[in-house]
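Visitor: Take this structure, written in structure tokens, and hold onto it; I'll ask about it next.
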Amino acid sequence: MCVPEFTRKFDLVVHAAGDQRPEKAESVNHQGTVNLCRGLEHNPPRELVFISSVQVYGKECGENYDESTSVNPKTEYGKSKYNAEQFLKKWCESHSVTLTILRPPLIVGSRMKGLLRSMVNGIYRGYYFHIKDNESHRSMIHATDVSIVVRKISSFGGIYNITDGVNPSVYDFAEALAYRMGNKRIYTIPMSLVRFAARIGDKIGYSAPITTQKMLHLTQTLTFNSDAINRIIDWTPNSVVEYLLTHNYDENSL
Numbered sequence: 000m001c002v003p004e005f006t007r008k009f010d011l012v013v014h015a016a017g018d019q020r021p022e023k024a025e026s027v028n029h030q031g032t033v034n035l036c037r038g039l040e041h042n043p044p045r046e047l048v049f050i051s052s053v054q055v056y057g058k059e060c061g062e063n064y065d066e067s068t069s070v071n072p073k074t075e076y077g078k079s080k081y082n083a084e085q086f087l088k089k090w091c092e093s094h095s096v097t098l099t100i101l102r103p104p105l106i107v108g109s110r111m112k113g114l115l116r117s118m119v120n121g122i123y124r125g126y127y128f129h130i131k132d133n134e135s136h137r138s139m140i141h142a143t144d145v146s147i148v149v150r151k152i153s154s155f156g157g158i159y160n161i162t163d164g165v166n167p168s169v170y171d172f173a174e175a176l177a178y179r180m181g182n183k184r185i186y187t188i189p190m191s192l193v194r195f196a197a198r199i200g201d202k203i204g205y206s207a208p209i210t211t212q213k214m215l216h217l218t219q220t221l222t223f224n225s226d227a228i229n230r231i232i233d234w235t236p237n238s239v240v241e242y243l244l245t246h247n248y249d250e251n252s253l
């Protein structure tokens with residue numbers, strides 16, 4: 000990746016670029032961050048907000064993890080985001096830049112990627128299924144709220160989890176997505192069939208509709224606590240499920 004050339008000084012830089020593909024994560028998420036800062040070197044901003052990820056914690060299941068949770072990324076994406084965080088801490092300190100690191104879970108919006116894009120594609124094309132007796136919950140946040148919180152928190156600095164505070168069930172979230180797509184019907188299948196399909200998907204790779212890793216994302220509860228940022232700014236995020244069910248989308252919607 001190239002070092003960008005900037006001809007003006009910025010008050011605030013929001014760095015949200017990222018790539019979840021294992022083969023691209025380090026070069027885009029970490030090295031891309033280094034290159035961005037090189038481009039800003041001669042004229043640093045007053046504030047920088049970095050959109051990181053809860054994947055830096057390396058947790059696959061569990062509930063209510065806050066910012067005191069130890070960092071131990073397991074995926075290439077999580078490792079690259081953490082490497083970027085560490086670089087930014089040193090760079091911003093040496094250039095007197097206020098650094099805010101936001102760690103969102105799943106970001107829901109019109110241009111979703113990764114697991115969420117797989118879910119959307121599967122629901123739309125009819126190959127996404129509810130898993131019988133699956134009662135898992137996931138933390139998530141809508142892209143609209145990410146954009147709102149960036150401006151509110153940028154002058155404070157620090158590291159914060161951000162979620163919608165609801166942590167909906169995977170079932171309710173999938174049904175809300177289906178509603179947005181013309182009230183698509185989602186059928187239910189047994190766990191045994193999902194495991195079989197996941198083993199086949201493992202042989203295909205990351206692009207497969209279902210793999211063991213994607214199955215675990217759908218069947219294990221993983222939630223995060225975002226109380227810390229709520230104590231600092233006046234911010235009431237939308238429930239992602241309610242937003243999907245009630246928002247009237249237009250060309251300005253995220």
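Quick note: the sequence shown, position 107, residue 106 per numbering that gives the first Met the number 0, numbers continuous. By construction, the Cβ of each residue, glycine as well, lies at the ideal position given by its N, Cα and C atoms. If you're wondering where the values come from, they're calculated on a predicted model, not measured in any experiment.
1. Please state if the CB of Gly156 and the CB of Thr99 are separated by a distance shorter than 8 Å.
2. Span of the beta strand (DSSP E) holding Met139?
3. Does the count of Cβ pairs from the segment 197–205 and the segment 116–125 closer than 8 Å reach three?
4. Is the CB-CB distance between Asp132 and Asp163 below 8 Å?
5. At what residues does the alpha helix (DSSP H) containing Glu75 begin and finish?
6. Helix, strand or coil for Val299, going by three-state DSSP, please let me know.
7. Under the DSSP definition of a beta bridge, which residues are partnered with Phe49?
8. According to the neighbour-count rule (16 or more other Cβ atoms, all chains shown, within 10 Å of its Cβ), is Pro189 buried or exposed?
9. So the beta strand (DSSP E) Ile106 belongs to, where does it begin and stop?
10. Taking C-beta to C-beta, are Leu217 and Ser135 nearer than 8 Å?
11. Taking the alpha helix (DSSP H) that Tyr123 belongs to, which residues open and close that run?
12. Taking the alpha-carbon of Ser95 as reference, which of Arg45, Ile232 and Asn229 has the nearest alpha-carbon?
13. Kindly give me the distance between the Cβ atoms of Lys80 and Ser52, rounded to whole angstroms, as I take these residues to be in contact under 8 Å.
14. Beta-carbon within less than 7 Å of Cys60's beta-carbon, same chain only, minus the 5 sequence neighbours each way: which residues are those?
15. Put Thr218 into one of helix, strand or coil per three-state DSSP.
16. Helix, strand or coil, according to DSSP, for Gly61 in the structure here?
17. Decide yes or no for the touch test of the segment 69–88 against the segment 17–25: beta carbon pairs closer than 8 Å, at least 3 of them.
18. Of the choices Asn71, Asn229, Ile161 and Ile130, whose alpha-carbon is the least far from that of Ala173?
19. Rounded to the nearest angstrom, how far is the Cβ of Val149 from that of Val13, given a contact under 8 Å?
20. Compare the beta carbon distance of Gly57 and Asn42 with 8 Å and say whether it is the shorter of the two.
Guide: From the atom records:
1. The Cβ-Cβ distance between Thr99 and Gly156 falls below 8 Å.
2. Met139 to His141
3. The segment 197–205, when compared against the segment 116–125, does not touch it at the 8 Å Cβ threshold.
4. no
5. That run of the alpha helix (DSSP H) goes Glu75 to Ser93.
6. Examination of residue 299 is not possible in this model, given that the chain is present from 0 through 253 alone.
7. His14 and Ile100
8. exposed
9. Leu105 to Val107
10. yes
11. Gly113 to Arg124
12. Arg45
13. 5 Å
14. Gln219, Thr220 and Leu221
15. helix
16. strand
17. yes
18. Ile130
19. 6 Å
20. no
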